[in-house]
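Data block below; observations after.
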Amino acid sequence: MHHFHYRSGVLHAEDVSLARIAAEVGTPVYVYSAATLERHYKVFTAAFAGQRARVFYAMKANSNLAVLKTLATLGAGADTVSEGEIRKALAAGVPASKIVFSGVGKSDAELAFAIDAGIYQINIETEGELLALSRIAAAKGRRPSAVFRVNPDVGAGGHAKITTGSSDNKFGISIGDAGRLYDVAANLPGVNMVGLAVHIGSQIRELDELEAAFQRLRDLSKGLKAQGHSAERLDLGGGLGIPYEMSEAVDHGPSLIQAYAAMIKRIFAGMDVELGFEPGRLIAGNAGILLTRVLHLNQRPQKTFVVVDAAMNDLVRPAMYEAFHDIWPVQEAGHAAVRQPYDVVGPICESGDTFATARPLPQTKPGDLIAFMTAGAYGSSMSSTYNSRLLVPEVMVKGAEFAVVRPRQTWDELLGQDRLPKWL
Ligand SMILES: *Cc1c(COP(=O)(O)O)cnc(C)c1O
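For the sequence shown, our numbering puts the final residue at 1530, and the numbers step up evenly by one.
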């Protein structure tokens, strides 16, 4: 469920017209709905009410400080994957005691930063990282809590590039190695192993693979316990998917969350463990849209291209994952409007700069505003300045108010990033 809907024929974010935002801020622009973010976070946490559970928003999905602070205000923790994300989480008011540090390759400097910040938990992915953490922390006289991210050899997710749990993927220690590494860790200073983590992929809409991975995690934690180790924190990662297609829009989300929660309750029943969750897409995905303006039509005998002012550097998901984004015109077309297939493309000199192929849309003309729906997760956070395009601004709407939560980059900022060597 989300708060983007038509009012008097114009698409609104909550109570604010997207036409107004386009006029005042320009396009392309990301627009977020605070009420949608809040709702998703609340629905998710409510599903685990009464259990020992902690929710760490996976901020790589959308790390705008306003998004983080909206969630932090509700009590959310943060799942981070870099020093930059830890810094942003702290800046947004997420206490260190609610920050988890995940990631395949953490540098010594990042580990040192995380230790100094006193974060809740470090998710270790290799033996080398275990040794590095222990060495760095011991030198500081510290003993941070850590878990092993295990690779359960269960892959899942909407696309090969977002599958992370197969043994062919680079993520985590193999599940069979966990016992040995726990023994290694038990003899190390500077690290306190407290549990295990898994994260098998993203955009997962079927629970079978998650269930298989969680069963393996449960069995492993019981085995470790039998060996005298402590594995009482089980971090179950993120990965729950969301509907990207309007036709299935209405309320898939909550029922999937309920089913997920019930499955987890069943699998970990009777175990005295603390569960951790790292939802990203589920929280931010349909809380945001990318608003863009049609620049030109390029009519060919066999098809018509709609060239818009947003491009793959602003929203890379279609180019990178063949991802589908619904496209809604800001001026409502009405059910009777004739639709015709369009290819919707950006201005970048790459054929991959294509948002949609043969997409049925109402009559579209230059100057029209259209919205790429469900662009709140892995949208802005994956954007770049490719083609020397300015980073897209971000707007947050709350009720009848809106605020620019990231201004459009300026030409001075863009040009000021580079330095000339002295021989030029
Ligand atoms: C990306 C990631 C997440 C969030 O994934 P979503 O599919 O957005 O929920 C959670 N945990 C880890 C370790 C990740 O890498």
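Built from N, CA and C at the ideal position, the CB exists for glycine as well.
Going by the C-beta, is Thr1270 closer than 8 Å to any heavy atom of ligand 1?
yes
Are the stretch 1367-1374 and the stretch 1285-1294 touching by the rule of at least three beta carbon pairs closer than 8 Å?
no
What does DSSP give as the partner residue(s) for Gly1183 in the beta ladder?
Phe1162
Identify the continuous alpha helix (DSSP H) that holds Ser1272 and give its terminal residues.
It is not in any alpha helix (DSSP H) - Ser1272 carries neither H nor E in the DSSP assignment.
The alpha helix (DSSP H) spanning Val1131 covers which residue range?
Leu1124 to Val1131
Mind pulling the alpha helix (DSSP H) runs of 4 or more residues that sit fully within the stretch 1282-1359?
1284-1292 and 1314-1332
Within 9 Å, strictly: CB atoms of Glu1507 and Val1122:
yes
Determine the closest residue to Leu1556 out of Pro1527, Leu1475 and Ser1169, with distance taken between C-alpha atoms.
The question about residue 1556 has no answer, for the chain in this structure spans 1107 to 1530.
Measuring straight from C-alpha to C-alpha, what distance separates Lys1194 and Glu1338?
28 Å
CA-to-CA distance, Pro1360 to Val1149, given in whole angstroms:
7 Å
Between the C-alpha atoms of Pro1466 and Ala1416, what's the straight-line distance to the nearest angstrom?
19 Å
How many angstroms separate the CA atom of Gly1183 from the CA atom of His1111?
30 Å
Taking the alpha-carbon positions, what's the Gly1394 to Met1479 distance?
7 Å
Measure the alpha-carbon distance for Arg1399 versus Gln1437 and round it to whole angstroms.
12 Å
Closest to Asn1298 by C-alpha separation, out of Leu1236, Leu1316 and Tyr1138, would be which residue?
Leu1236
With a 10 Å radius around its C-beta and 16 neighbouring C-beta atoms as the bar for buried, classify Trp1434 as buried or exposed.
buried
Taking only the alpha-carbon atoms, compute the straight-line gap between Ala1128 and Gln1405 and give it to the nearest angstrom.
26 Å
Exposure label - Glu1315; buried when at least 16 CB within 10 Å
buried
Going by the C-beta, is Gly1386 closer than 8 Å to any heavy atom of ligand 1?
yes
List the endpoints of the continuous alpha helix (DSSP H) containing Ser1240.
Glu1233 to Ala1245
With distances taken from CA atoms, which of Gly1282, Tyr1350 and Pro1250 is nearest Leu1326?
Gly1282
Taking C-alpha atoms, which residue in Tyr1226, Asp1274 and Glu1384 lies nearest to Leu1346?
Glu1384
Would the C-beta of His1536 count as close to ligand 1, meaning under 8 Å from any of its heavy atoms?
Because residue 1536 is not part of the residues shown, which for the chain are 1107 to 1530, the question remains open.
Identity of the residues DSSP links to Ile1476 by a beta bridge
Thr1398 and Pro1435
Under the three-state DSSP convention, the category Glu1519 falls into
helix
Measuring straight from C-alpha to C-alpha, what distance separates Ile1279 and Lys1267?
19 Å
Mark Lys1471 as exposed unless 16 or more other C-beta atoms lie within 10 angstroms of its C-beta, in which case mark it buried.
exposed
Is the closest heavy atom of ligand 1 to the C-beta of Gln1309 under 8 Å?
yes
Cα separation between Ala1332 and Leu1521?
60 Å
Nearest neighbour of Ala1292, chosen from Ala1155, Ser1336, Val1256 and Thr1232 [CA to CA]
Ser1336
Counting along the chain, where does the beta strand (DSSP E) carrying Asp1378 start and finish?
Unbroken run through Asp1378: none, as it is neither H nor E.
Proximity of Gln1469 and Val1503 at Cβ, strictly below 9 Å:
no
For Gly1234, would you say it is in contact with chain B, using Cβ-to-Cβ distances shorter than 9 Å as the test?
Absent from the structure is chain B; it holds one protein chain and no more.
Confirm the yes/no value for this check: CB of Arg1255, any heavy atom of ligand 1, distance under 8 Å.
yes
Boundaries of the alpha helix (DSSP H) in which Lys1471 is found, first to last residue:
Lys1471 -> no alpha helix (DSSP H), and no H or E assigned at all.
Quick one: is Gly1485 buried, meaning 16 or more other Cβ sit within 10 Å of its Cβ, or exposed?
buried
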